[in-house]
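What follows is a short report on a single structure.
In this note's numbering, the protein residues as written are 35 to 433.
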């Protein structure tokens with residue numbers, strides 16, 4: 035019986051079927067939370083682990099396959115430990131190498147690497163103390179975004195549009211060093227990639243809506259596919275190629291970027307799959323988590339093509355208040371934030387609703403019904419705008 039050890043519990047339900055279909059039925063999951071119901075052995079992961087801790091687990095478990103599957107909340111820096119460990123381990127361990135992990139997990143390193151390699155990033159400065167932060171803000175002017183070098187998803191980022199805002203952030207003693215960057219006024223996009231053996235597969239670009247001052251994407255509709263302007267599309271191709279050739283990622287990763295006046299501006303790189311994997315799966319029929327398992331077991335990367343337009347709507351989970359029936363011919367996925375292996379924020383009522391579009395008018399009517407039921411967390415106008423962009427893109431790609 036083959037054995038797998040998984041570092042991280044993220045969306046485990048999407049990983050286990052692929053492992054078991056390949057004869058891997060002995061699974062040990064190192065998790066930050068306790069859970070049951072998956073017929074796996076659960077052990078506790080240390081959120082402050084270093085490479086020595088990871089190597090100790092690898093030696094103890096003696097698994098046929100080891101997989102780094104970091105959770106966004108609390109495990110954002112663990113790829114640094116995995117990256118160092120994979121360079122010292124002779125067995126099969128699906129984890130990004132240290133060079134890539136450092137760029138993905140440290141926003142200061144990302145900015146410095148981007149400047150050195152000519153990647154397009156917002157104008158900014160690396161700061162090691164409060165005085166340097168103030169000087170950088172004086173030079174760049176308001177508004178700016180402050181980002182701690184190493185932080186968890188959703189934390190360590192501050193939108194600053196006045197001297198009072200800056201005083202409040204610095205009074206809270208944010209982690210240093212940090213990067214101070216000019217705030218981008220464009221719209222946000224994302225793409226997920228899985229790399230293996232010097233090549234990669236990527237899912238279609240998703241539009242994540244206009245960048246908002248709250249830096250909170252949980253109130254924005256997201257749609258797929260989205261056609262980038264020509265310069266931004268070429269820039270994305272060059273960026274992915276340079277990362278592949280020079281940082282050699284191994285496994286899943288994600289690029290978050292802005293489009294400003296037709297040009298790409300890199301915001302973040304994540305060394306993991308994220309929330310876009312739900313939209314990816316529904317829109318293409320190819321689940322990134324399934325491909326993740328295939329790569330872990332040595333299989334080739336598949337082709338990924340857009341099958342249907344899909345939109346993801348930020349919603350509220352209200353017990354006793356069900357969603358309206360989805361439009362005829364559509365596929366619906368709901369993703370709650372309350373499950374241990376797919377939590378967003380503890381005890382959150384946030385829910386993502388992803389639906390494919392069979393008939394645009396019926397989909398817009400359904401979105402209006404979702405709003406009328408008090409379940410939609412964004413405006414109907416913003417959802418319609420994202421949907422229209424995706425429909426236009428899909429129509430062009432099918433010509």
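Backbone N, C-alpha and C fix where the C-beta goes; we use that ideal spot for every residue, glycine too. Since the structure is predicted, the reported quantities are computational estimates derived from the model, not experimental observations.
If distances are taken between C-alpha atoms only, which option among the options comes closest to residue i?
| i | options | result |
| --- | --- | --- |
| residue 336 | 400, 343, 327, 168 | 327 |
| residue 422 | 406, 404, 391, 403 | 391 |
| residue 135 | 284, 324, 255 | 284 |
| residue 316 | 301, 95, 338, 306 | 338 |
| residue 182 | 350, 141, 99 | 141 |
| residue 395 | 373, 425, 411, 413 | 425 |
| residue 414 | 427, 397, 428 | 397 |
| residue 399 | 362, 384, 375, 429 | 362 |
| residue 402 | 345, 45, 417, 286 | 417 |
| residue 306 | 137, 99, 36 | 137 |
| residue 389 | 376, 312, 356, 406 | 312 |
| residue 359 | 340, 314, 407, 324 | 407 |
| residue 144 | 302, 291, 95, 298 | 302 |
| residue 348 | 251, 86, 333, 115 | 251 |
| residue 308 | 53, 39, 43 | 43 |
| residue 410 | 385, 427, 393, 420 | 385 |
| residue 332 | 404, 125, 193 | 125 |
| residue 274 | 289, 261, 262 | 289 |
| residue 255 | 296, 310, 238, 304 | 310 |
Looking at the strands, I want to know which residues DSSP matches up with residue i.
| i | result |
| --- | --- |
| residue 123 | Answer by DSSP bridge pairing: none, since residue 123 is not bridged. |
| residue 303 | 289 |
| residue 64 | 41, 77 |
| residue 223 | 241, 291 |
| residue 346 | 256, 388 |
| residue 298 | 293 |
| residue 228 | 235, 286 |
| residue 36 | 58 |
Using DSSP with H/G/I as helix, E/B as strand and the rest coil, what is residue i?
| i | result |
| --- | --- |
| residue 45 | coil |
| residue 369 | strand |
| residue 216 | strand |
| residue 324 | helix |
| residue 234 | strand |
| residue 359 | coil |
| residue 13 | Residue coverage of the chain in this structure runs from 35 to 433, which leaves residue 13 outside it and unanswerable. |
| residue 419 | helix |
| residue 310 | helix |
| residue 410 | strand |
| residue 128 | strand |
| residue 52 | helix |
| residue 426 | helix |
At a cut-off of 7 Å, is residue i close to the ligand ADP when judged by its beta-carbon and the heavy atoms of the ligand?
| i | result |
| --- | --- |
| residue 166 | The ligand ADP is absent from the structure shown, which contains no ligand whatsoever. |
Discussion item. Quick check for students: name the residue ranges of the beta strand (DSSP E) that lie wholly in the region 378 to 406, counting only runs of 3 or more.
Written reply: 384 to 390
Fill in: Cβ contact (3+ pairs, closer than 8 Å) linking the region 215 to 230 and the region 319 to 334
yes
Fill in: Contained alpha helix (DSSP H) runs [length at least 4] in the region 157 to 193, N- to C-terminal order
164 to 174
Worksheet entry | Sufficient close CB pairs (3 or more, under 8 Å) joining the region 102 to 113 to the region 185 to 198 | yes
Fill in: Sufficient close CB pairs (3 or more, under 8 Å) joining the region 256 to 267 to the region 115 to 123
no
Fill in: the region 150 to 168 / the region 208 to 218 touching (three or more Cβ pairs under 8 Å)
In this structure the region 150 to 168 touches the region 208 to 218; the number of beta carbon pairs closer than 8 Å is three or more.
Worksheet item: What residue ranges within the region 84 to 125 form continuous alpha helix (DSSP H) runs of no fewer than 4 residues, ordered along the chain?
Response: 85 to 95, 112 to 120
Worksheet entry | Stretch-stretch touch, CB-based, cutoff 8 Å, three pairs: the region 234 to 251 with the region 198 to 207 | no
Discussion item. Any contact between the region 68 to 80 and the region 341 to 355? By contact I mean 3 or more CB pairs, one from each, below 8 Å.
Written reply: no
Fill in: Stretch pair the region 171 to 182 + the region 76 to 96: three plus CB contacts closer than 8 Å
no
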